[in-house]
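K.L.:
Before we start, here is the structure in question, set down as structure tokens.
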Amino acid sequence: MRRRAGVLGVLAILVVLALLVPQLGGDYYVHIFALVFTNVILAASLRPSLTCGQLNIGHSAFMSIGAYTSALLAKNLAVPFELSLLGGAVLATLVGVVIGYPSLRLRGVYFAMVTVAFVEVIRLIAQLWVSLTRGMSGLSGIPKPNLLGMTLTTKASQYYLGLALMLIVLLILWKLEKSRLGLIWKSIGMADNLAQSLGVDIARHKLLAFMLGCFFAGVAGAFYAHFIRFLFPPEFGFLMATNILVYNYVGGRGHFVGAIVGAIFLSLLSEPFRGSPYETIFFSIAMLLTILFLPGGLITLPEKLAGLRRWRAAAAPTPSPAA
Amino acid sequence: MTLALLVQSAIIGMSLGSIYILMALGLTLMFGMMHIINFAHGAVYMLGAFVIYYVFFQGGAPYFAAFVVAMIVLGIFGYLVERSIYRPIRGGIEPTLVALLALTTFLQAAGYPVFGQLDKHVPPVFPGTRTILGVGISIERLMIIPIAGALVVGLYLFINRTRLGAAMRAIEQDKEAAALQGVNVNVVNGLAFAIGFALAAASGALMAPIFKLDPMMGEQPLLKAFIIIILGGLGSIPGAILGGLMLGLIDSIVATALGAEPAFLLSFVFIILLLLFRPTGLFGYAP
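Here it is as structure tokens:
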């Protein structure tokens with residue numbers, strides 16, 4: 001009970017801090033943290049699939065679908081943000097079903113390979129369908145988010161929109177993970193044949209987990225589109241897809257907060273070299289070191305350190321009774 | 001499309017297909033034994049091409065010497081990757097895949113500061129064209145077919161006629177049983193990594209004089225190799241060969257008619273449909 005109160009206290013402090021960012025920091029911090037929120041949504045939305053043991057290396061493709069759909073709906077048809085966001089997320093989910101249904105019935109590696117190839121497919125479509133997406137010139141002039149009849153003109157108001165979206169998505173995903181459905185996903189990830197023998201329809205549940213991920217990746221994409229207001233096909237490539245995986249692994253796969261910790265920690269730490277090859281080098285090294293030396297991710301670091309201290313204490317020379 | 005153009009695309013398709021086969025064979029071999037997909041395969045292809053650039057073009061060594069250097073150096077690199085990444089993770093398929101993914105992005109990104117931002121070009125090794133059935137084909141592309149063919153035959157003989165090859169097949173059938181019979185599973189897995197990497201390096205080395213060189217050049221052939229092994233069936237060597245030839249031909253003929261990107265999109269649609277109706281690929285066995 002006390003632990004629960006402590007966790008809620010930390011959460012409350014974090015939310016208050018997040019609310020204060022626009023007041024305390026300038027536009028620079030508002031921009032950076034709004035992008036961090038997008039990354040947190042992306043990382044957390046990959047969790048259901050990962051929990052089922054499915055390696056989705058194409059998450060950025062679904063973000064791209066959400067981003068382009070929402071941007072085009074708002075720009076060409078003046079659809080308000082709440083509907084264009086939904087449109088983007090729903091389309092991302094539908095496309096997810098089309099590629100997930102055939103590949104999720106098979107071994108995990110098929111799904112992994114299909115998703116990698118799919119990133120390239122979406123990038124090419126965004127690049128080649130020039131009449132719709134402007135191709136490699138990039139889609140610009142995306143309207144600012146128009147929510148419930150109000151246009152959010154300031155960066156700060158858009159920042160709050162991102163924060164709210166992130167909190168809602170996290171709450172939904174957290175509730176799902178704690179529900180019976182989350183337990184089923186976990187059982188599939190641990191031993192799918194055992195889960196199947198207990199009557200779990202594993203293909204359906206894997207697909208459901210994947211669809212949820214696609215939906216929220218679409219949400220992240222829609223927010224990103226109206227916040228940055230410029231979309232460029234190669235941005236949503238293989239690198240972004242691997243980064244989303246890296247957030248999960250470096251943060252830690254064992255607990256829901258892992259994805260959040262990973263996304264915040266890595267996005268902030270890689271900020272100085274964003275867009276340069278050093279960003280990717282940093283991410284890859286962080287990933288390799290984590291997998292080899294801290295397989296449970298950053299969230300297991302306190303435990304590891306405590307264990308190390310205990311081990312040191314135990315190994316300290318004690319006077320032998322014989323002496 | 002005229003007949004001449006068709007013949008030309010068919011021959012170019014065969015030579016592209018040979019490269020795809022070399023890539024896919026290593027992938028399928030490693031999958032068969034260790035149940036992992038080597039995402040770093042494309043990055044190794046890229047490194048193979050850059051070895052040719054530095055050893056052959058900059059260093060002035062004969063092309064075939066540079067070719068052998070690329071295969072040996074990257075083969076050793078493959079063995080080291082097995083030692084330092086695959087073996088420590090010990091059988092965890094998902095973490096291994098993610099680690100290989102990280103290795104890939106590392107090699108690609110590190111390529112920019114190391115090799116420079118600008119695209120590199122390697123001058124032709126076999127200049128000139130040859131007329132076949134009335135159409136001119138560059139000798140450069142033609143030469144790929146026998147060289148890749150020799151490597152494929154060599155690999156086939158190695159797997160089927162040598163003790164080490166038998167050990168590989170044994171691991172593929174049953175790792176524990178192979179270990180009980182005295183097969184050193186670690187060393188043989190390392191060898192599979194070395195062979196896979198050397199074949200990917202060979203593909204890159206063969207393509208170096210034809211395409212421009214940049215750190216991301218391996219991504220396309222990697223995706224093609226994925227499509228081939230899904231097409232042919234994971235773990236199947238005949239499937240990889242037939243799938244590679246098919247994709248090479250589709251790629252070249254469709255690409256001539258419609259462009260390279262639609263050819264890729266079409267092959268993706270094709271494998272999704274294939275997975276719907278024949279999930280184990282054309283030659284795959286049920287997992």
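Protein chains in written order, with our numbering: chain A, 1 to 323; chain B, 1 to 287. Yeah, the Cβ is synthetic: ideal placement off N, Cα and C, and Gly gets one too. All of these numbers come straight from a predicted model, not from anything done at the bench.
If we count the other Cβ atoms within 10 Å of its Cβ and call it buried at 16 or more, is A:S70 buried or exposed?
P.N.:
The residue in question, A:S70, is buried, as its Cβ has 16 or more Cβ neighbours within 10 Å.
K.L.:
Along chain A, which residues have their Cβ under 8 Å away from the Cβ of B:E219?
P.N.:
Per Cβ cutoff of 8 Å: E120 and F238.
K.L.:
Which residues, in order along the segment 71-98 of chain B, keep a beta-carbon less than 9 Å from a beta-carbon of chain A?
P.N.:
The segment 71-98 of chain B vs chain A, Cβ under 9 Å: S84, I85, P88, I89, G92, I93, E94, P95, T96, L97 and V98.
K.L.:
Give the DSSP-derived three-state secondary structure of A:N146 in the structure shown.
P.N.:
Of the three classes helix, strand and coil, the one that applies to A:N146 here is strand, per DSSP.
K.L.:
Taking B:F283 as the reference, which of B:P88, B:G248 and B:G235 has the closest Cα?
P.N.:
Here the closest residue by C-alpha is B:G235.
K.L.:
At 4 residues or longer, what runs of the alpha helix (DSSP H) sit wholly inside the segment 44-118 of chain B?
P.N.:
Runs of the alpha helix (DSSP H) inside the segment 44-118 of chain B: 63-81 and 93-115.
K.L.:
Cβ closer than 8 Å: which chain B residues qualify as neighbours of A:I281?
P.N.:
Within chain B, the residues near A:I281 are F106, A109 and A110.
K.L.:
Taking only the alpha-carbon atoms, compute the straight-line gap between A:V16 and A:K186 and give it to the nearest angstrom.
P.N.:
Answer to the nearest angstrom: the Cα atoms are 32 Å apart.
K.L.:
Check the Cβ of B:P113 against every Cβ in chain A and list those closer than 7 Å, keeping chain order.
P.N.:
Per Cβ cutoff of 7 Å: P277.
K.L.:
My output table needs one value for B:R130: the three-state DSSP class, helix, strand or coil.
P.N.:
DSSP places B:R130 in strand when its eight states are reduced to three.
K.L.:
Determine which residues share a DSSP beta bridge with B:S138 and list them.
P.N.:
In DSSP, B:S138 forms a bridge with B:T129.
K.L.:
Determine whether the Cβ of B:L103 lies closer than 8 Å to any Cβ atom of chain A.
P.N.:
Interface residue, yes.
K.L.:
Assuming contact is defined by CB atoms lying nearer than 8 Å, are A:T300 and A:L294 in contact in what I supplied?
P.N.:
Yes; because the gap between Cβ atoms is below 8 Å, this pair is in contact.
K.L.:
Indicate whether at least one CB of chain B lies closer than 8 Å to the CB of A:M287.
P.N.:
Yes, A:M287 counts as interfacial toward chain B.
K.L.:
Would you mind telling me which residues of chain A sit closer than 8 Å to B:F223, beta carbon to beta carbon, in chain order?
P.N.:
It should be pointed out that residue 223 of chain B corresponds to Leu in this sequence rather than to Phe. Near B:L223 (Cβ distances below 8 Å), the residues of chain A are V116, A117 and E120.
K.L.:
Does the beta carbon of A:P295 come closer than 8 Å to any beta carbon on chain B?
P.N.:
At least one chain B Cβ lies under 8 Å of A:P295.
K.L.:
Do you know how far the Cα of B:A208 is from the Cα of B:L16?
P.N.:
Cα-Cα distance, rounded: 13 Å.
K.L.:
Give me the Cα-Cα distance between B:A286 and B:G233, rounded to the nearest whole angstrom.
P.N.:
Confidence in B:A286 is poor, its pLDDT being 47 and thus under 50, which makes the residue's placement too unreliable to answer from.
K.L.:
Quick one, are the C-beta atoms of B:I227 and A:A112 less than 8 Å apart?
P.N.:
No, they are not a contact pair.
K.L.:
Name the residue from A:D27, A:A61 and A:L170 whose alpha carbon lies nearest to the alpha carbon of A:P233.
P.N.:
Considering only alpha carbons, the answer is A:A61.
K.L.:
From this set, A:A203, A:G237, A:L298 and A:A191, which residue's C-alpha is nearest A:G275's C-alpha?
P.N.:
Here the closest residue by C-alpha is A:G237.
K.L.:
Just by C-beta distance, which residues in the segment 264-285 of chain B are closer than 7 Å to chain A?
P.N.:
Per Cβ criterion, the list reads F264, L265, F268, I272, L275, L276 and P279.
K.L.:
Would you kindly work out how many angstroms separate the C-alpha atoms of B:K120 and B:V135, rounded to a whole number?
P.N.:
Distance between the alpha carbons of B:K120 and B:V135: 29 Å.
K.L.:
Taking only beta-carbon atoms, is B:F211 less than 8 Å away from chain A?
P.N.:
No, its Cβ sits nowhere closer than 8 Å to a Cβ of chain A.
K.L.:
Give the secondary structure of A:S140 by DSSP, where H, G and I count as helix, E and B as strand, and everything else as coil.
P.N.:
If DSSP states are grouped into helix, strand and coil, A:S140 belongs with the strands.
K.L.:
Who are the neighbours of A:Y247 on chain B, taking C-beta pairs under 8 Å?
P.N.:
Simply none; closest approach about 12 Å.
K.L.:
If you reduce the DSSP assignment to three classes, tell me which class A:T93 lands in.
P.N.:
Helix.
K.L.:
Please classify B:I159: is it buried, with 16 or more other beta-carbons within 10 angstroms of its beta-carbon, or exposed?
P.N.:
Per the 10 Å Cβ criterion, buried.
K.L.:
Going straight from the alpha carbon of A:D192 to that of A:A78, what length do you get?
P.N.:
Using only the alpha carbons, I get a separation of about 46 Å.
K.L.:
Report the residue ranges of all alpha helix (DSSP H) runs contained in full by the segment 30-94 of chain A; include only those spanning at least 4 residues, in chain order.
P.N.:
The qualifying runs are 59-77.
K.L.:
Tell me the rounded alpha-carbon separation between B:V51 and A:P80.
P.N.:
So the alpha carbons of these two residues sit roughly 54 Å apart.
K.L.:
So is B:G196 buried or exposed if we call it buried at 16+ other beta carbons inside 10 Å?
P.N.:
Classification for B:G196: buried.
K.L.:
Since B:Y86 and B:M34 are thought to touch, with beta carbons under 8 Å apart, how far apart are those beta carbons, to the nearest angstrom?
P.N.:
With 8 Å as the limit, B:Y86 and B:M34 qualify as a contact, their Cβ atoms being about 7 Å apart.
K.L.:
Considering only DSSP beta bridges, list what B:K120 is partnered with.
P.N.:
B:L213, per the DSSP bridge assignment.
K.L.:
Does the segment 127-145 of chain A come close enough to the segment 211-227 of chain A that 3 or more CB-CB pairs lie under 8 Å?
P.N.:
At 8 Å Cβ cutoff, the stretches touch.
K.L.:
Cβ of A:V261 less than 8 Å from any chain B Cβ?
P.N.:
Taking Cβ atoms only, chain B never reaches closer than 8 Å to A:V261, which makes this a no.
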